[in-house]
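Heads up: the structure comes next, in structure tokens.
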Amino acid sequence: MRDRDLSKLEYGKIKEKLREFAHSPATEELIQSLRPLREKEKLLEEIELYTSFSEVEVPLYPFEDVRGILKRSRIEGAVLSVEELLSLQRVLSLLREIRKVIGREAESKPPLRRLSRRLHSFSSLENLIEGSIDRRGFVKDSAGQELYRIRKSIKGVEREIMERLESLFRRPDAEKIFSDRIITLRNNRYVVPVKSSQVKKIFGIVHGTSSSG
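Residue numbers (my numbering): 17 to 229.
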């Protein structure tokens, strides 16, 4: 159909109305690219699919456009950020819910059965991301054996540092040397409060001084 014919039919206004129901930029782009179908069989097939969908409560939520993430993931050596992986996981989770709803109705509705065959399961990828990143966005220790080994080693070193610093507070002259018996972390370094007059009695680096001494 020619563009001027579509204009006379106000086809653009129909697409504008459809865009009001779009839940993502990707959906809006898809609507914008829609053209009238020429084949009668294809048209009837789409009407049948729409009718089946109208009888099913499919969860429709806003979802993120992960096309850029997927494109970058195909590049050899590319590394996705934690935020990108979580975005991908959220989309996969939504896809799983939609597949579940369609799967329940597919037996009695042939159009949905045909659609369900096109919706692939990515549960292994979803589970992998979920098992590697926690809800705070931190990579879990269990994400990999090497990561687990490194973090375990780091925790061991940190524990040893804390034990050595705590042993300083058990010195007979601790009351004279330290203004308080606390250990803090400053610029990724453990710090203890030493009185300015006693700095030379403790081996270490001065990270700051206060007017109170």
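Think of the CB as a built atom: it goes at the ideal place given N, C-alpha and C, for glycine as much as any other residue.
Since Leu135 contacts Ile118 with CB under 8 Å, what's their CB separation in whole angstroms?
Walking along the sequence shown from the start, residue 135 turns up at place 119. Walking along the sequence shown from the start, residue 118 turns up at place 102. Beta-carbon to beta-carbon, Leu135 and Ile118 are separated by about 7 Å, close enough to satisfy the 8 Å threshold.
How would you label Ala94, buried or exposed, when you count the other beta carbons within 10 angstroms and need 16 or more for buried?
Residue numbering aside, residue 94 sits at position 78 when the sequence shown is read from its first letter. Around the C-beta of Ala94, fewer than 16 other C-beta atoms lie within 10 Å, and the residue is accordingly described as exposed.
Verify whether the separation of the beta carbon atoms of Ile47 and Lys31 is less than 8 Å.
Your numbering for residue 47 matches position 31 in the sequence shown. Your numbering for residue 31 matches position 15 in the sequence shown. Yes; because the gap between Cβ atoms is below 8 Å, this pair is in contact.
Which word fits Ser183, buried or exposed, when buried means at least 16 other C-beta atoms lie within 10 angstroms of its C-beta?
Here residue 183 corresponds to residue number 167 of the sequence shown, with the count starting at 1. Exposed is the call here.
Smallest Cα separation from Arg115: which of Ser158, Arg133, Leu22 and Asn203?
By 1-based counting over the sequence shown, the position of residue 115 is 99. Among Ser158, Arg133, Leu22 and Asn203, the Cα nearest to that of Arg115 belongs to Arg133.
Mind checking Leu104: buried by the 16 CB within 10 Å criterion, or exposed?
As a first step, residue 104 must be located in the sequence shown, where it is residue number 88. Under this definition Leu104 is a buried residue.
Meets three-Cβ-pair contact criterion under 8 Å: the stretch 137–153 and the stretch 77–92
Because the criterion of three Cβ pairs below 8 Å is not met, the stretch 137–153 and the stretch 77–92 do not touch.
In terms of residues, what are the limits of the alpha helix (DSSP H) holding Arg180?
Taking the first residue of the sequence shown as 1, we reach residue 180 at position 164. Element bounds for Arg180: Gln161 to Leu184.
Whole angstroms are fine: how far does the CA of Ile177 sit from the CA of Arg167?
Sequence index remark: in the sequence shown, residue 167 carries index 151 (1-based). Sequence index remark: in the sequence shown, residue 177 carries index 161 (1-based). Taking the straight line joining both Cα atoms gives about 15 Å.
Are Gly153 and Leu102 close, meaning C-beta to C-beta below 8 Å?
In the sequence shown, the residue the question calls residue 153 occupies position 137. In the sequence shown, the residue the question calls residue 102 occupies position 86. Taking 8 Å as the Cβ cut-off, Gly153 and Leu102 qualify as a contacting pair.
Taking just the CA atoms, how far does Val215 sit from Ala190?
As a working mapping, residue 190 is identified with position 174 in the sequence shown. As a working mapping, residue 215 is identified with position 199 in the sequence shown. Distance between the alpha carbons of Ala190 and Val215 is about 12 Å.
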